[in-house]
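Colleague: Before I ask anything, let me first share the structure, which is written out below as structure tokens.
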Amino acid sequence: MQIAKRMSSTSENLMDYSSKIVFTLLGNLFCSIAFNGFFIPNHLLSGGVGGISIMIHFLTDLPIGLIMFIINIPIFIIGSKIIDKKFTAYSFISMLTLSFLLELTRGIDQLIMMDDILLAAIFGGILNGLGMGLLFRNRTSQGGLDIIAAIFKKKYNINIGTGLMGFNTIIIALSSVLFGLKPAMYTLIALYTAYKIVDKVQEGLDTKKNVIIISDKSQELGEAIQKKLHRGVTFLKGEGGYTKNNKNVIYCIVTSTQVGKLKEIVEEVDPSAFMTINNIQEVKGRGFKSVGI
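The sequence shown begins at 234 in the numbering used here and counts up by one.
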């Protein structure tokens, strides 16, 4: 029995490791194409260490991958002492992968030939956001400000994209002094697009909903939700502000795809029930898989 459990655990760890490697390659490939295919040819900047590296590249013509590697070394040394070492280790591998892919994809702009700066900002931002989102969703990153954003996510539950956008706005404001206001403004469009995509990928397409139902048939409703949706419910004690009557208030979490079915259940059991449905950012616990940082 113990051997079977160990084999199962080893198999799960191997699958998790393989998944991280695949998404690390894919995510960094998207980011590399965004940099070399859209940002650099159109003199757009980027945020974080990538943005700093592009600025140094424009000034010195040194390879971006090498610049990013050098800047990231002290950040990883500090990060390994503050946040999860496993996350830091995977991020270090990801940073090396990005540095390599940036060199590998040099010249890809000759295939893309995107000479419209606005389209370059938008589609480069989409690719960059998709790449970063895949990394964050699989609990890794590209290092640099990503590690700082991960700390803010862990300590203050600030969205990764929101945190990065705040940090990088400062960097872009400084870069505008070197390269002018127009490239900086287009870069902000690229960053905004990227970090909106990051948050969408991080949260997933099937978002979670927080549902509160007040009904005189709370027991029947609770049983129907558990039976038909296979979601747990919690009964909270409530009191009517006007009637002073005691009631059970149903509290539950469902996915966005289950909302339609939930409404049907409520309509069938108690059409006069009072129900509120709200978006929630993150759920951890039984029945819900925790993803991302």
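Positions of the beta carbon are idealized from the N, C-alpha and C atoms, including for glycine.
For Tyr475, count neighbouring C-beta atoms within 10 Å of its own C-beta (all shown protein chains included) and say buried if the count is 16 or more, exposed if not.
Modeller: Tyr475 should be labelled exposed.
Colleague: With a threshold of 8 Å between beta carbons, is Ile345 in contact with chain C?
Modeller: Among the chains of the structure shown, chain C does not appear; only one protein chain is present.
Colleague: Should Ile445 and Thr509 be called a contact, given that it needs their Cβ atoms to be closer than 8 Å?
Modeller: Yes, the pair counts as a contact, with Cβ atoms nearer than the cut-off.
Colleague: For a quick check, are the C-beta atoms of Met288 and Ser332 less than 8 Å apart?
Modeller: Result no, Cβ atoms of Met288 and Ser332 do not sit closer than 8 Å.
Colleague: So who's on the other strand from Met508, going by DSSP bridges?
Modeller: In DSSP, Met508 forms a bridge with Ile446.
Colleague: Assign Tyr250 to buried or exposed, taking buried as 16 or more other Cβ atoms, counted over all protein chains shown, within 10 Å of its Cβ.
Modeller: So Tyr250 counts as exposed.
Colleague: With Tyr323 as the anchor, note down where its alpha helix (DSSP H) starts and where it stops.
Modeller: Tyr323 -> alpha helix (DSSP H) spans 318-337.
Colleague: Suppose you measure from the CA of Ala382 to the CA of Phe507; what does that come to, to the nearest Å?
Modeller: For Ala382 and Phe507, the distance between alpha carbons rounds to 39 Å.
Colleague: In the DSSP assignment, what residue or residues form a beta bridge with Cys264?
Modeller: According to DSSP, Cys264 bridges with nothing at all.
Colleague: Buried or exposed for Phe468, please, with buried defined as at least 16 other CB atoms from any protein chain shown within 10 angstroms of its CB.
Modeller: Classification of Phe468: exposed, given that the 10 Å Cβ count is below 16.
Colleague: Just to confirm the assignment, what range does the alpha helix (DSSP H) spanning Ile355 have?
Modeller: Its alpha helix (DSSP H) spans residues 350-370.
Colleague: Along the chain, where does the alpha helix (DSSP H) that runs through Gly493 open and close?
Modeller: Note, Gly493: alpha helix (DSSP H), 492-502.
Colleague: Return the residue from the list Ile254, Ile285, Ala267, Thr440 that minimises the CA-CA distance to Ser409.
Modeller: It is Ile285 whose Cα lies nearest to the Cα of Ser409.
Colleague: For Gln435, name the three-state secondary structure that DSSP assigns.
Modeller: Helix, per DSSP.
Colleague: Tell me whether Ile513 sits in a helix, a strand or coil according to DSSP, three-state version.
Modeller: Strand, per DSSP.
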